[in-house]
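Encoded as structure tokens, the structure appears first; notes follow it.
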Amino acid sequence: MASSFHYFLLFIINSFLFLNSCIAKTTTQRLNALVLPITKLTSTNDIQYITQIHQRTPLVPVKLALYLGGDSLVVDCEDLGFVSSTYNPALCGSAECTFADARCNDGMCSGIERPGCHNNTCLLQGSNPFTSLGSVDEVGSDVVSVQSTDGSSPRKSVSVANFVFVCSSSTIKLGLGKGVKGIAGLGRYPISLPFQLASAHKLSAKFAICLPSSTSESKKGTLFVGDGPYVYRPNIDVSKSLIYTKLYQMPRLFLGTFRSSPESFTEYFVKVKSIKVNGIAVPLNTSLLPVKRSLNLGGTKISTTVPYTKLETSIFKAVVNAFVKAMGNIPRVKPVEPFEACFSSKNIGSTPFGPAVPKIDLMFEKRSVSWSMFGANSMVRVSDKVMCLGFVDGFDIESMRSAIIIGAHQLEDNLLEFDVANSRLGFSSSLRFGSKTTCSNFDFQI
Numbered sequence: 031m032a033s034s035f036h037y038f039l040l041f042i043i044n045s046f047l048f049l050n051s052c053i054a055k056t057t058t059q060r061l062n063a064l065v066l067p068i069t070k071l072t073s074t075n076d077i078q079y080i081t082q083i084h085q086r087t088p089l090v091p092v093k094l095a096l097y098l099g100g101d102s103l104v105v106d107c108e109d110l111g112f113v114s115s116t117y118n119p120a121l122c123g124s125a126e127c128t129f130a131d132a133r134c135n136d137g138m139c140s141g142i143e144r145p146g147c148h149n150n151t152c153l154l155q156g157s158n159p160f161t162s163l164g165s166v167d168e169v170g171s172d173v174v175s176v177q178s179t180d181g182s183s184p185r186k187s188v189s190v191a192n193f194v195f196v197c198s199s200s201t202i203k204l205g206l207g208k209g210v211k212g213i214a215g216l217g218r219y220p221i222s223l224p225f226q227l228a229s230a231h232k233l234s235a236k237f238a239i240c241l242p243s244s245t246s247e248s249k250k251g252t253l254f255v256g257d258g259p260y261v262y263r264p265n266i267d268v269s270k271s272l273i274y275t276k277l278y279q280m281p282r283l284f285l286g287t288f289r290s291s292p293e294s295f296t297e298y299f300v301k302v303k304s305i306k307v308n309g310i311a312v313p314l315n316t317s318l319l320p321v322k323r324s325l326n327l328g329g330t331k332i333s334t335t336v337p338y339t340k341l342e343t344s345i346f347k348a349v350v351n352a353f354v355k356a357m358g359n360i361p362r363v364k365p366v367e368p369f370e371a372c373f374s375s376k377n378i379g380s381t382p383f384g385p386a387v388p389k390i391d392l393m394f395e396k397r398s399v400s401w402s403m404f405g406a407n408s409m410v411r412v413s414d415k416v417m418c419l420g421f422v423d424g425f426d427i428e429s430m431r432s433a434i435i436i437g438a439h440q441l442e443d444n445l446l447e448f449d450v451a452n453s454r455l456g457f458s459s460s461l462r463f464g465s466k467t468t469c470s471n472f473d474f475q476i
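When we follow the working numbering, the leftmost residue of the sequence shown carries the number 31, and every step to the right adds one.
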């Protein structure tokens, strides 16, 4: 396992150097950061968070669902056609194939050549985390354009001339929201969206997400690539108040997906040591919590595609019992799936940071470091009269692979900085509480 891990780190470093020297042709002015918008979409069975890039020649807007653990940019090249004068397939033996760690296939496409359909090209599997479906498709490259930023508002657009991506079949769009054309992988991998952008523009190997809680198109969250500041109205630099904990890795196996190496470390894990409800430690089976990389098991994973935080069954029951006890005389009502602990909302007060309910703290390795979740992140309003604790039973750890998966609802209006270069996660806890702002308060007006 150690040799695989070291191989992967070497692969990341070499790929970054390679992209700088061979693939990415970008604007020459020194940049500090890039910014992309994030909108919340609830028109499907899943909550999805959507960003947008511009791609191809001529440039067209492309909406993409965020996948924090995804390893690549995957775009539908089949439906309605993919028209671009600058698209290039990754031919066998090319620099792009090496960069993507993709295997060659000398004869898979029949008919007229088009983007996504060439022979003697390299292939990868583009996966959709909302359906668990994927298809093995052509690796290609094309122009990608996004906006630069000074941290407080967007600046001019900048581009990468040969951005490597998976040119997928329409299978990738199944289960995605209306108008969404693919998946934006943010994982720890050379061809993921933030890593290619950072490498191409010589930015720090870090990115930050701030998911919006509102579904309004005008209430956009942010995806930053590179260094802070992260400034939200009214002139609050959230980067100054981040708390840090260590990021961990566990291998993710890629079997039969045309990769040269069978495993990768794309997803992001932290080490939760304990959980408190209303300041009181919840009795837990703490043997489930450590990251056990040799077993590919345990730890706490962060996810943008799991809608609500999942807890291994024994942890879930303990947290629910502690929360119900801390709610005191607030009447419980019939559970509403997928939740278990639901309450009459008329008996719950309101605060600037959500319903007035007991605070939940995730305690990390250093005793002074905790992630506090207030009512806006811990509770879900399921009707005018009912709200529920927004944590769900993930069942056994073997099926979850993690003891805890922090879901997207718990991430909303929290800024998370994934500082991969320094193997640490910076987090704000609720911006509503500490900074008196929200993820939707970034000024997207140029």
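For every residue, glycine included, the Cβ atom is placed at its ideal position computed from N, Cα and C.
Quick one: Cα of P264 to Cα of N452, how far? If you draw a straight line from the Cα of P264 to the Cα of N452, it is about 30 angstroms long.
Pick from L153, I142, F112: whose alpha carbon is nearest that of C134? The residue with the shortest Cα to Cα distance from C134 is L153.
D76 and S200 - do their beta-carbons sit closer together than 9 angstroms? One thing to note: S200 has its Cβ no nearer than 9 angstroms to the Cβ of D76.
Going by DSSP, what residue range makes up the alpha helix (DSSP H) through N407? Segment 405 to 408, the alpha helix (DSSP H) holding N407.
Less than 9 angstroms separating the beta-carbons of F448 and L233? No. Outside cutoff.
Where does G456 fall in DSSP's three states? Of the three classes helix, strand and coil, the one that applies to G456 here is strand, per DSSP.
Please state whether DSSP places N351 in a helix, a strand or coil. Note: N351 maps to helix in three-state DSSP.
Quick check: what's the CA-CA separation for P145 versus Q82? Cα to Cα, the separation comes out at about 20 angstroms.
In or out: I53 buried (at least 16 other Cβ within 10 Å) or exposed? Any answer about I53 is weak, because its pLDDT of 43 lies below 50 and its placement is not dependable; what the coordinates show is given next. Buried, because 16 or more other Cβ atoms sit within 10 Å of the Cβ of I53.
Mapping DSSP to helix, strand and coil, what is P67? P67 falls in the strand class under three-state DSSP.
Do the region 428 to 444 and the region 333 to 351 touch if we need at least three Cβ pairs shorter than 8 angstroms? In this structure the region 428 to 444 lies against the region 333 to 351, because at least three pairs of beta carbons, one per stretch, are closer than 8 angstroms.
Is E428 helix, strand or coil when you go by DSSP? Assigned with DSSP and collapsed to three states, E428 falls in helix.
Those residues which DSSP pairs with K250 across a bridge: According to DSSP, which records beta bridges pairwise, K250 is partnered with nothing at all.
Beta-carbon proximity list for S374, same chain, < 6 angstroms, skipping 5 on both sides: P361, V363.
In whole angstroms, what is the alpha-carbon distance linking V412 and A130? V412 and A130 have their alpha carbons spaced roughly 43 angstroms apart.
Can you tell me where the beta strand (DSSP E) with A238 in it begins and where it stops? Residues 236 to 240.
Where L441 falls: helix, strand or coil (DSSP): In the three-state DSSP reduction, L441 falls in the helix class (H, G or I).
If you drop the 5 nearest sequence neighbours on each side, which residues of the same chain put their C-beta closer than 7 angstroms to that of I266? Contacts found: S465, T467.
Please tell me whether F421 and F369 are closer than 9 angstroms, where the distance is taken between their beta carbons. The answer is yes: Cβ separation under 9 angstroms.
Tell me, please, whether the region 315 to 322 touches the region 341 to 351 by the rule of three or more beta-carbon pairs shorter than 8 angstroms. Taking one beta carbon from each stretch, the region 315 to 322 and the region 341 to 351 have 3 or more pairs nearer than 8 angstroms; the two touch.
So what's L216 in DSSP terms, helix, strand or just coil? The three-state secondary structure of L216, taken from DSSP, is coil.
From N158 to G212, what distance separates their C-alpha atoms? Across the structure, N158 and G212 are spaced so that their CA atoms are roughly 8 angstroms apart.
Enclosing alpha helix (DSSP H) for A230 [first to last residue]: 223 to 230 is the span of the alpha helix (DSSP H), which, as asked, contains A230.
Out of curiosity, what's the CA-to-CA distance linking V416 and C372? Each residue's CA atom was taken as its position, placing V416 and C372 some 7 angstroms apart.
Candidates L272, G329, S432, S470: which alpha carbon is nearest S402's? Residue nearest to S402 within the set L272, G329, S432, S470 is L272 (criterion: CA-CA distance).
Could you have a look at V210 and say whether DSSP puts it in helix, strand or coil? DSSP places V210 in strand when its eight states are reduced to three.
So C127 is in the alpha helix (DSSP H); what residue range does that whole segment cover? Counting along the chain, the alpha helix (DSSP H) containing C127 begins and ends at 125 to 130.
For C372, does the three-state DSSP call read helix, strand or coil? In the structure shown, the three-state DSSP call for C372 is strand.
Report, in whole angstroms, the separation of the C-beta atoms of N444 and S460, which I expect to be a contact under 8 angstroms. Right, the Cβ-Cβ distance comes to about 6 angstroms (below 8 angstroms), so this counts as a contact.
Buried or exposed: which applies to L253, given that a residue is buried once 16 or more other Cβ atoms fall within 10 Å of its Cβ? By the beta-carbon neighbour count (other beta carbons within 10 angstroms, threshold 16), L253 is buried.
Given a cut-off of 9 angstroms, decide if V307 and F353 are closer than it, judged by their beta-carbon atoms. The answer is yes: Cβ separation under 9 angstroms.
Distance between beta carbons of C469 and P242, contact taken as under 8 angstroms: Correct: roughly 5 angstroms between the Cβ atoms.
Return the first residue and the last residue of the alpha helix (DSSP H) that L461 is part of. Element bounds for L461: 461 to 464.
Counting C-beta neighbours from all protein chains within 10 Å, is the total for R218 16 or more, i.e. buried, or is it exposed? It counts as buried.
Please identify the residue among G170, L206, S175 whose C-alpha is closest to the C-alpha of V196. Among G170, L206, S175, the Cα nearest to that of V196 is on G170.
F472 versus Y79: straight-line alpha-carbon distance, rounded: Rounded to the nearest angstrom, the two C-alpha atoms are 16 angstroms apart.
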